[in-house]
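Just so you know, the sequence shown maps onto residues 6 to 206 in the working numbering.
Heads up, the beta-carbon is just placed ideally off N, CA and C, and yes, glycines get one too.
Input: a single structure, listed below in structure tokens.
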Amino acid sequence: MKDCPFVFEKGLAEGERPLVIQKAYQVFECTWDDSLENAYEDKNKVGQFDGIEGPYRNFNGVTSKFGCHFILKIDKILMKEKYADAIINGVKAKSFPKVPVDYGYRDSTNFWYSRFRRPIACPIPAGKEANLDSVKYAANRMDPEIKFTEGACKKLVRVPRVFLKTVLNGCISYAKENNIKLIDEKTMDTINDKRRQEKKR
């Protein structure tokens, strides 16, 4: 690595880890979950350039003669403060790193991609928001004691469906901690403010 042009530093994840590139815009420090499909049995097989004979696993470890798949757990996400702030406080064209981004990045308003100098925002059609009725249905089935007003549910229509259950559970936990039985718009504003403060810390 003596001719490598990058400067490396220790990341934030615990244990013995590869060093990370100091100037990287973003780094994911991960651990291979080798417990799935007993993939730990393949540790001594990986790295054979003439290929690996079967049997093969379905999705984790050695999956073909010249192929492996690794199911990773994300331990830490490192990101330059400028770009992390942009995600939390609202993305603008000037807050993107100066690199081409052809796979895109989506926030709650736009889908972004970059040709290099300045990223381009493509508005997300309003139809991409979750249906209010489906949010109300999900919210009021989460816990028999905690209910959501329609106004509170309106504040959740832009939450991606895959994260909705996690967000609702967070709201319910807050309500239980504060002896609240009905989550309304004001409660949602308080929860969102609390979440923003926690992200800043």
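Taking the continuous beta strand (DSSP E) assigned at residue i, which residues delimit it?
i, result
"Ser-69", "66 to 69"
"Cys-158", "Per DSSP, Cys-158 belongs to no beta strand (DSSP E); it is in the alpha helix (DSSP H), 155 to 159."
Which residue or residues does DSSP assign as beta-bridge partners of residue i?
i, result
"Leu-83", "Val-32"
"Gly-72", "Ser-69"
"Phe-13", "Ile-26"
Alpha carbon to alpha carbon, how far is residue i from residue j?
i, j, result
"Lys-141", "Gln-53", "54 angstroms"
"Leu-77", "Leu-83", "16 angstroms"
"Asp-88", "Ile-26", "The question names Asp, but residue 88 is Tyr in the sequence shown. Cα-Cα distance, rounded: 16 angstroms."
"Glu-14", "Asn-184", "46 angstroms"
"Asn-145", "Ile-177", "10 angstroms"
"Asp-189", "Lys-97", "30 angstroms"
"Glu-46", "Thr-68", "13 angstroms"
"Phe-75", "Arg-62", "11 angstroms"
"Pro-187", "Leu-24", "According to the sequence displayed, residue 187 carries Leu and not Pro. Approximately 48 angstroms between the Cα atoms of the pair."
"Met-193", "Lys-160", "8 angstroms"
"Ile-196", "Tyr-179", "7 angstroms"
"Ala-143", "Val-172", "11 angstroms"
I'd like the span of the alpha helix (DSSP H) that includes residue i, first residue to last.
i, result
"Gly-175", "166 to 182"
"Ala-144", "137 to 144"
Out of the options, which has the shortest C-alpha to C-alpha gap to residue i?
i, options, result
"Val-32", "Asp-80, Glu-46 and Ile-57", "Asp-80"
"Lys-212", "Pro-102, Lys-97 and Asn-174", "Nothing can be reported for residue 212, as the shown portion of the chain is limited to 6 through 206."
"Lys-28", "Ser-40, Arg-22, Glu-155 and Val-12", "Val-12"
"Gly-66", "Asp-55, Ile-93, Glu-21 and Asp-38", "Asp-38"
"Asp-198", "Ser-100, Asn-94 and Asn-136", "Asn-94"
"Asn-115", "Thr-171, Thr-154, Arg-163 and Ser-139", "Arg-163"
"Gly-56", "Ala-143, Lys-70 and Asn-49", "Lys-70"
"Ser-139", "Leu-17, Arg-166, Trp-117 and Gly-72", "Arg-166"
Please check the pair residue i and residue j, which I expect to be a contact at CB under 8 angstroms, by giving their CB distance rounded to whole angstroms.
i, j, result
"Glu-42", "Phe-64", "7 angstroms"
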